[in-house]
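Q: First the structure, then my questions, so here it is.
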Amino acid sequence: MTRLLWTACVTAGVLVSTTGTGAWGMDVHRWITERAIDGLPEPIKPFFVAERAFISEHSVDPDLWRTVDLRGERGDEPPNHFLDMDFEEGSKTPFLNIPREYDAYVGKYGVGPANRYGRLPWRAEEIYTRLVGAFKDMGQPNAPFAADNARYFVAVLAHYIEDAHQPFHAVISYDGQATNQRGIHSRFETDLVLRNQKTLKLEPVKITAIPAFRDYMFQTLLDSQALVDGVLAADRKAIEGREFYDAAYFDVFLTGVKPALERRLSEAASGLASAVFSAWVEAGRPVLPAGGVRAPARIRR
Ligand SMILES: [Zn+2]
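The sequence shown lines up with residues 1 to 301 when you count with my numbering.
Quick look at the structure:
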């Protein structure tokens with residue numbers, strides 16, 4: 001979800017959008033999350049397939065926390081959804097100079113700027129760590145809610161990993177402000193995806209070990225940032241000579257960004273599945289109840 005809801009005024013001669021911007025629209029979050037679950041390997045797949053509807057639905061919760069203004073230890077929720085890799089004045093791509101330790105990040109730039117430019121990698125790592133903890137607790141007699149917690153942490157982790165794959169969650173001009181292309185955030189992540197969902201070709205989910213989760217998040221954001229110029233160029237081409245963001249606009253826009261869009265959606269699903277698998281391995285490969293959280297208890301004889 002972007003930092004503000006934006007609805008353009010209906011002005012003659014100006015391209016008009018009436019959609020609010022959101023982090024991969026909620027339906028897109030659910031779609032990526034479900035693909036990731038379907039692509040999980042044995043033996044963890046049955047547990048998550050049984051919890052698929054729950055996890056998919058709750059993968060949008062972090063956006064709702066923004067709406068109700070929930071706060072965590074590090075501050076309010078919105079900065080948890082992005083990190084503007086290009087925020088530092090004078091720095092050049094690939095933006096490797098942002099400290100990867102949170103305290104060093106805050107120490108270098110100050111609390112105010114740190115909150116303004118985002119906390120996504122650290123927030124995602126916090127949830128990943130809690131997921132590892134919930135996996136470790138599973139089967140322990142003193143942790144009756146471990147399975148409930150594991151499925152919820154997967155839902156929340158899904159949200160943050162998916163946000164990191166959206167190019168505009170990695171740049172300061174997150175809605176095309178700098179180039180006068182306002183509304184690009186939701187045109188790309190919501191309108192374009194939902195219009196073409198049936199024809200987009202996503203790669204099968206691939207499981208890759210993630211040995212250092214925070215570094216994975218940083219790399220994902222660096223990759224996202226690198227895609228922004230291409231998306232903006234495709235948008236400019238699609239706008240040319242047009243007055244509305246109509247079907248013809250979206251056709252031209254799609255032609256320009258289809259490979260990047262399909263790749264990012266695919267990588268988001270693979271990234272989430274890989275993170276869940278890696279957390280489970282890190283926790284010592286606990287046995288997960290194949291029937292899900294509410295699986296009927298076995299009768300002991
Ligand atoms: Zn978000």
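Ideal Cβ positions, reconstructed from N, Cα and C, are used throughout, including at glycine.
Short of 7 Å in beta carbon distance, which residues of its chain neighbour A134, apart from the five on each side in sequence? Order them along the chain.
A: A146, N149, A150, F153
Q: Please return the same chain residues whose Cβ sits closer than 7 Å to the Cβ of V287, not counting the five positions on each side in sequence.
A: G139
Q: To which residues of the same chain is F168 closer than 6 Å at the C-beta, ignoring the five residues directly before and after it?
A: Y174, H185
Q: Mind checking T190: buried by the 16 CB within 10 Å criterion, or exposed?
A: Buried: at least 16 other Cβ atoms inside 10 Å.
Q: Would you decide whether T220 is buried or exposed? Buried here means 16 or more other CB atoms lie within 10 Å of its CB.
A: buried
Q: Apart from the five residues just before and just after L202, which ones in its own chain have a Cβ nearer than 8 Å to its Cβ?
A: R35, E262, L265, S266, A269
Q: In this structure, does DSSP put R294 in helix, strand or coil?
A: coil
Q: On the three-state DSSP scale, how would you describe D69?
A: coil
Q: Is it buried or exposed, D246, if we count other Cβ atoms within 10 angstroms and call 16 or more buried?
A: exposed
Q: May I ask whether a heavy atom of ligand 1 can be found less than 6 Å away from the beta carbon of H81?
A: Here the distance from the Cβ of H81 to the nearest heavy atom of ligand 1 is below 6 Å.
Q: Could you give the uninterrupted runs of the alpha helix (DSSP H) lying entirely in the segment 229–266, keeping only those of 4 residues or more?
A: With a minimum length of 4 residues, there is no unbroken run of alpha helix (DSSP H) contained wholly in the segment 229–266.
Q: Can you tell me which of the three DSSP states L4 falls into?
A: At L4, the pLDDT of 40 sits below 50, so the modelled position is not reliable; the number obtained from the coordinates is stated separately. Three-state result, L4: coil.
Q: Identify the residues that DSSP records as bridge partners of D76: which are they?
A: R71
Q: Within the continuous alpha helix (DSSP H) that includes E162, where are the two ends?
A: Residues 146–164.
Q: If you draw a straight line from the alpha carbon of T179 to that of K206, how long is it in whole angstroms?
A: 36 Å
Q: By the three-class DSSP mapping on this structure, what secondary structure does G271 have?
A: helix
Q: Classify G241: buried if its beta carbon has 16 or more other beta carbons within 10 angstroms, exposed otherwise.
A: It is exposed - the Cβ of G241 has fewer than 16 other Cβ atoms within 10 Å.
Q: For A36, which three-state DSSP category applies?
A: helix
Q: Sort A273, E243, L272, L157 by Cα distance to P62 and report the nearest one.
A: Minimum Cα distance to P62 is reached at L157.
Q: Between W65 and G291, what straight-line distance do the alpha-carbon atoms span, to the nearest angstrom?
A: 29 Å
Q: So is the beta-carbon of D163 under 6 Å away from any non-hydrogen atom of ligand 1?
A: yes
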